[in-house]
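Participant:
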Amino acid sequence: GIPALHGPSLRAGPAAVKALTPEILSGLWKSYRADEAPSDPELAALQKFMVLHGDMHEVWDRLLADPGTPLEREGENLLIHIAIDSAVERALAENQPPGLQALFSALVQKGFPEGDAFHVLAQAMQHEFLLGAEAGREMDLGDFFRRAADYCRQAMEQV
Numbered sequence: 012g013i014p015a016l017h018g019p020s021l022r023a024g025p026a027a028v029k030a031l032t033p034e035i036l037s038g039l040w041k042s043y044r045a046d047e048a049p050s051d052p053e054l055a056a057l058q059k060f061m062v063l064h065g066d067m068h069e070v071w072d073r074l075l076a077d078p079g080t081p082l083e084r085e086g087e088n089l090l091i092h093i094a095i096d097s098a099v100e101r102a103l104a105e106n107q108p109p110g111l112q113a114l115f116s117a118l119v120q121k122g123f124p125e126g127d128a129f130h131v132l133a134q135a136m137q138h139e140f141l142l143g144a145e146a147g148r149e150m151d152l153g154d155f156f157r158r159a160a161d162y163c164r165q166a167m168e169q170v
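Per this note's numbering, the very first residue in the sequence shown carries number 12; after that it's consecutive.
1) Looking only at DSSP bridge pairs, what is G73 linked to?
2) How many angstroms separate the CA atom of R22 from the CA atom of A128?
3) State buried or exposed for H130, treating a residue as buried only when at least 16 other CB atoms are found within 10 Å of its CB.
4) Go to L89, then tell me how far its alpha helix (DSSP H) extends in each direction, as first and last residue.
5) For M67, which of F156, A94 and L89 has the nearest alpha-carbon?
6) According to DSSP, is E47 part of a helix, a strand, or is it coil?
7) Give a yes or no on contact between the region 90–103 and the region 54–68, applying the rule of three or more CB pairs nearer than 8 angstroms.
8) Return the chain-ordered list of same chain residues with a C-beta closer than 6 angstroms to the C-beta of A144, the five sequence neighbours on each side being excluded.
9) Around the Cβ of L74, are there at least 16 other Cβ atoms within 10 angstroms (buried) or fewer (exposed)?
10) To the nearest angstrom, how far is it from the Cα of P109 to the Cα of Q165?
11) Report yes if the CB atom of M150 is closer than 7 angstroms to the CB atom of E139, and no otherwise.
12) Is there contact here, the region 77–91 with the region 117–125, by at least three beta-carbon pairs under 8 angstroms?
13) DSSP beta-bridge partners for E83?
14) Would I95 and A135 qualify as a contact pair, given that the criterion is a beta-carbon distance under 7 angstroms?
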């Protein structure tokens with residue numbers, strides 16, 4: 012079976028990123044290929060985002076065949092991308108930090124497709140997470156919200 016993740020909630024600063032390993036992703040992809048969904052809701056969310064990113068399927072297939080497959084593409088860590096997508100989905104569902112749903116709605120009302128609006132927020136979380144990791148600290152929700160608001164403003168100015 013696939014090991015459960017413990018506490019990959021946004022409040023822990025995306026702990027999913029810290030708990031997530033290539034082995035877990037490989038197990039999730041193997042389960043998907045066998046038409047199996049994990050019973051753990053957080054693992055199921057990770058698997059869902061692996062599936063939704065059709066552009067990454069080739070990497071997941073290679074990972075099944077070769078556990079040493081690099082999970083970087085064009086300078087982006089795909090493991091972090093999937094974990095952040097899952098954390099952003101949860102953050103939106105819980106409106107944590109408060110106001111996050113309003114940022115998302117503002118983008119959608121401005122004409123952004125939901126997937127693009129989602130990824131504006133995910134980009135902000137990923138950048139904030141990586142800045143925190145470089146400084147050896149957890150991601151701060153207030154800093155994440157400020158960055159998300161800034162990225163939303165920039166995105167809306169470009170349309």
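All residues carry an ideal CB built from backbone N, CA and C; glycine is no exception. If you're wondering where the values come from, they're calculated on a predicted model, not measured in any experiment.
Facilitator: With the structure as the only source:
1) It is worth fixing the name first, because residue 73 is Arg in this sequence and not Gly. DSSP, once it has assigned bridges, lists no residue as partnering R73.
2) In this prediction, R22 scores a pLDDT of 35, lower than 50, which makes its location untrustworthy; the coordinate-derived value is nonetheless stated afterwards. Using only the alpha carbons, I get a separation of about 22 angstroms.
3) Classified as buried, H130 has 16 or more neighbouring CB atoms from the shown chains inside 10 Å of its CB.
4) Membership of L89 in the alpha helix (DSSP H) is indicated by the continuous run L89 to E105.
5) The shortest Cα separation from M67 among F156, A94 and L89 belongs to L89.
6) When secondary structure is reduced to three states using DSSP, E47 falls in the coil class, being assigned neither helix nor strand.
7) Touching, yes, given that three or more Cβ pairs across the two stretches are closer than 8 angstroms.
8) Residues of the same chain with a CB within less than 6 angstroms of the CB of A144, apart from the 5 flanking positions on each side, do not exist.
9) Buried: at least 16 other Cβ atoms inside 10 Å.
10) Going from the Cα of P109 to the Cα of Q165 covers about 20 angstroms.
11) M150 places its beta carbon less than 7 angstroms from that of E139.
12) As far as the Cβ criterion goes, the region 77–91 does not touch the region 117–125, which means the pair count is below three.
13) DSSP links E83 through a beta bridge to N88.
14) It is not a contact, given that the beta carbons lie outside the stated cut-off.
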